[in-house]
Amino acid sequence: MGIQNWSEDILLVDLPQEPEMGDELKTVISEFRDRGNCDVVIDFSHVDIVTSSSLSKLLKLRKLLGDCGHRLVFCSVAAATKGIFTVTGLEGVFEMSDDKFVALASLQMVG
23 MGIQNWSEDI LLVDLPQEPE MGDELKTVIS EFRDRGNCDV VIDFSHVDIV TSSSLSKLLK
83 LRKLLGDCGH RLVFCSVAAA TKGIFTVTGL EGVFEMSDDK FVALASLQMV G
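Offset between the sequence shown (1-based) and this note's numbering: plus 22.
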């Protein structure tokens, strides 16, 4: 798991499972505040459940990025995890991509 500087303009986050997810998201928020000018791709391939606390942190990160004109893209989100976003009414709030390479390519083509 971890945070990787994919490029000058993109952070790639391999999100761990709960309960470590919350701490990792705090680190991502801090990293974005320090770095500023970048988009963020979050890889959910190791995630099977998302708690309300982590949902709150994801919403906070989305707002921080959006306020600066940057994008937050989720990738490799399992069907069960997508169900959590659907039940909470957040499926349309977050941008999702099938895998990290599609997500990265979409940011690089726009960026």
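All C-beta atoms, glycine included, are put in the ideal place defined by N, C-alpha and C.
Going by beta carbons, Leu129 and Val95 fall inside the 8 Å limit.
Pairing Ile51 with Leu83, the inter-Cα distance amounts to about 6 Å. If you look at Ile106, you'll find it in the alpha helix (DSSP H) that goes 101-109. Within the same chain, Val95, Cys97, Ala125 come within 6 Å of Ser119 by CB-CB distance, once the 5 residues on both sides are set aside. In the structure shown, Asp70 falls within a coil segment according to DSSP collapsed to helix, strand and coil. Secondary-structure assignment with DSSP links Phe96 through a beta bridge to Ile64, Met118.
If you draw a straight line from the Cα of Ser74 to the Cα of Met131, it is about 33 Å long.
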